[in-house]
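Asks: Structure incoming, see below.
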Amino acid sequence: MVVTMALVSLMVFIIMEIPPGDYADRYAFRKYSGTGISVTAADVQAIRVDLGLDRPMLIRYFDWIGGIVLRGDFGQAFAFETSVNKVIGDKVWLTSGILFATLILTYLISIPIGIYAAVRRGSAVDYGLTVFSYLGLALPNFLLALVMLYFANRWFGSDIGGLFSAPYRDAPWSLPRVWDMLKHLWLPAVVLAWSAVAYQIQTVRATMSDELNKLSVTAARARGVPEGRLLLKYPARLAINPIVSTIGFDVNRIFSELPIVAVVLGLTELGQLLLRAYLDLDMNVAGAILLILTFAIVFMNFLSDILLAWLDPRIKLGA
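The following block contains the structure:
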């Protein structure tokens with residue numbers, strides 16, 4: 001994981017350098033555009049020197065990654081005229097809250113329903129869940145968000161967008177503000193979990209159906225093991241392996257879908273900030289967000305490996 005993150009940090013910094021120009025060009029354009037003042041290349045270069053953007057890329061990379069590793073400092077957010085840590089501070093926790101709420105909701109729904117569909121394979125309930133799964137894969141998340149916002153406003157006359165009510169939007173953190181956020185968190189979690197639940201139900205159903213036909217299950221049933229205990233101890237425990245192994249994929253999917261869902265629902269999260277940072281060519285902010293999101297994906301993959309070894313006795317930890 002450490003080696004992976006080291007390589008990822010280098011890739012992120014290279015991506016930060018890819019866009020033509022830098023923040024010095026953007027700063028000069030925004031400051032002097034429409035003023036009638038002509039800006040020369042020397043003026044832009046002076047801004048670049050003042051911001052430290054004139055140094056070689058390798059030196060800037062080691063300064064950047066050294067500040068992150070040694071001091072937890074992501075550098076200066078040029079467009080915001082403050083530190084990156086202050087700019088992304090609250091948004092990191094809000095994005096993490098949306099992420100974990102979505103993951104928990106996805107697995108709480110898909111695992112038991114997938115197991116039930118496999119046990120009742122061929123029943124009306126099974127066919128109904130299959131239809132739901134296809135619908136979930138076909139309907140985009142942002143469209144579901146628009147539909148839910150429309151009916152909430154039409155039927156209840158309420159706005160369920162955002163993560164906070166108006167009194168708590170800019171208030172300092174407190175228990176009432178956390179509770180208010182939790183009351184709003186269900187909507188983005190449902191929207192983002194929509195397609196994942198549909199996909200994972202079919203995954204659990206398929207693997208559970210396969211495990212039910214194993215000789216170990218037949219032998220346990222012949223020994224008189226109660227059906228409920230048998231299902232949980234043998235096929236169900238192994239049927240969730242594909243879900244555990246794809247936790248990192250689910251995290252990546254949520255991060256990919258979150259920006260457009262955030263625009264529809266009026267959420268404050270890292271995706272919107274990342275788009276703004278790219279438009280402003282504020283590469284310190286963009287790089288910090290990319291690094292944080294990548295670390296979350298890598299860490300969740302690491303966690304899934306540990307969980308697989310714990311769930312499946314056939315998998316052993318070792319050199």
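Residue numbers for the sequence shown follow UniProt numbering, beginning at 1 and rising by one.
C-beta: ideal position from N, C-alpha, C; glycine also.
Quick check: the Cα distance between Ala166 and Leu281, rounded to an integer number of angstroms?
Replies: Translated into the one-based positions of the sequence shown, residue 166 becomes position 166. Translated into the one-based positions of the sequence shown, residue 281 becomes position 281. Between Ala166 and Leu281, the C-alpha separation is close to 31 Å.
Asks: Residue range of the alpha helix (DSSP H) that Asn213 falls in?
Replies: Against the sequence shown, residue 213 aligns to sequence position 213. Run containing Asn213: none; DSSP gives neither H nor E here.
Asks: Using CA atoms only, rank isn't needed, just tell me which of Thr268, Val251, Arg205 and Arg223 is closest to Ala239.
Replies: Within the sequence shown, numbered from 1, the residue matching residue 239 stands at position 239. The residue with the shortest Cα to Cα distance from Ala239 is Arg205.
Asks: If you draw a straight line from the alpha carbon of Ala319 to that of Met5, how long is it in whole angstroms?
Replies: The count along the sequence shown starts at 1 and reaches residue 319 at position 319. The count along the sequence shown starts at 1 and reaches residue 5 at position 5. Note on Ala319: pLDDT 47, under 50, position unreliable in the model; no value is reported.
Asks: Quick check on the DSSP output: the alpha helix (DSSP H) that includes Pro259 runs from which residue to which?
Replies: Indexing the sequence shown from 1 puts residue 259 at position 259. Its alpha helix (DSSP H) spans residues Ile247 to Leu265.
Asks: Would you mind sorting Leu185 into buried or exposed? The rule is 16 or more other CB atoms within 10 Å of its CB.
Replies: As a first step, residue 185 is located in the sequence shown; it is residue number 185 there, counting from the start. In this structure Leu185 is buried. Its beta-carbon is surrounded by 16 or more other beta-carbon atoms within 10 angstroms.
Asks: If distances are taken between C-alpha atoms only, which option among Ile113, Ser9, Leu303 and Ile104 comes closest to Asp63?
Replies: For this step, residue 63 is matched to residue 63 along the sequence shown. It is Ser9.
Asks: Rounding to the nearest angstrom, what Cα-Cα distance links Leu232 and Ala189 in this structure?
Replies: For the purposes of this step, residue 232 is taken as residue 232 along the sequence shown, with counting starting at 1. For the purposes of this step, residue 189 is taken as residue 189 along the sequence shown, with counting starting at 1. Distance between the alpha carbons of Leu232 and Ala189: 27 Å.
Asks: Beta-carbon separation of Leu129 and Ala117 under 7 Å?
Replies: Indexing the sequence shown from 1 puts residue 129 at position 129. Indexing the sequence shown from 1 puts residue 117 at position 117. Taking 7 Å as the Cβ cut-off, Leu129 and Ala117 qualify as a contacting pair.
Asks: On the DSSP bridge list, what partners appear for Ser83?
Replies: In the sequence shown, the residue the question calls residue 83 occupies position 83. The partner list for Ser83 (beta bridge, DSSP) reads Gln76.
Asks: Apart from the five residues on each side of it in sequence, which residues of its chain come closer than 8 Å, Cβ to Cβ, to Lys91?
Replies: Start at 1 with the first residue of the sequence shown, and residue 91 comes out as number 91. Closer than 8 Å at Cβ, skipping near neighbours: Thr268, Glu269, Leu270 and Leu273.
Asks: Please classify Leu194 as buried or exposed, where buried requires at least 16 other C-beta atoms within 10 Å of its C-beta.
Replies: Counting from 1 along the sequence shown, the entry for residue 194 is found at position 194. Before going further, note that residue 194 is Trp rather than Leu in the sequence given. Under this definition Trp194 is a buried residue.
Asks: From the DSSP output, in three-state form, read off Asp22 for me.
Replies: As a working note, residue 22 is residue 22 in the sequence shown. Residue state, collapsed to three classes: coil.
Asks: Rounded to whole angstroms, what is the Cα-Cα separation between residue 335 and Ala219?
Replies: Outside the displayed span of the chain (1 to 319) sits residue 335, for which this structure offers no information.
Asks: Is Ile113 closer than 7 Å to Ile201 when the C-beta atoms are compared?
Replies: As a first step, residue 201 is located in the sequence shown; it is residue number 201 there, counting from the start. As a first step, residue 113 is located in the sequence shown; it is residue number 113 there, counting from the start. In this structure, Ile113 lies closer than 7 Å to Ile201 by Cβ.
Asks: Look up Glu17 in the DSSP assignment and say whether it is helix, strand or coil.
Replies: If you number the sequence shown from 1, residue 17 lands on position 17. Helix, per DSSP.
Asks: What are the boundary residues of the alpha helix (DSSP H) that includes Pro235?
Replies: For the purposes of this step, residue 235 is identified with residue 235 of the sequence shown, where counting begins at 1. Start and end: Pro235 to Ala239.
Asks: Along the chain, where does the alpha helix (DSSP H) containing Ser304 start, and where does it finish?
Replies: One-based indexing of the sequence shown puts residue 304 at position 304. Note, Ser304: alpha helix (DSSP H), Met283 to Leu311.
Asks: Could you check how far apart the C-beta atoms of Leu311 and Arg237 are, in whole angstroms? I think they sit under 8 Å.
Replies: Counted from its first residue, the sequence shown places residue 311 at position 311. Counted from its first residue, the sequence shown places residue 237 at position 237. Sure, about 6 Å apart at Cβ, within 8 Å.
Asks: Alpha carbons only, please: which of Gly67, Ala28, Ile65 and Tyr61 is nearest the one belonging to Phe48?
Replies: Here residue 48 refers to the residue found at position 48 when the sequence shown is read from its first residue. The sequence given here has Arg at residue 48, not Phe. Of Gly67, Ala28, Ile65 and Tyr61, the smallest CA-CA separation from Arg48 is found for Ala28.
Asks: Residue ranges of each alpha helix (DSSP H) run of no fewer than 4 residues wholly in the region 110 to 187, ordered along the chain?
Replies: 124 to 138 and 141 to 156
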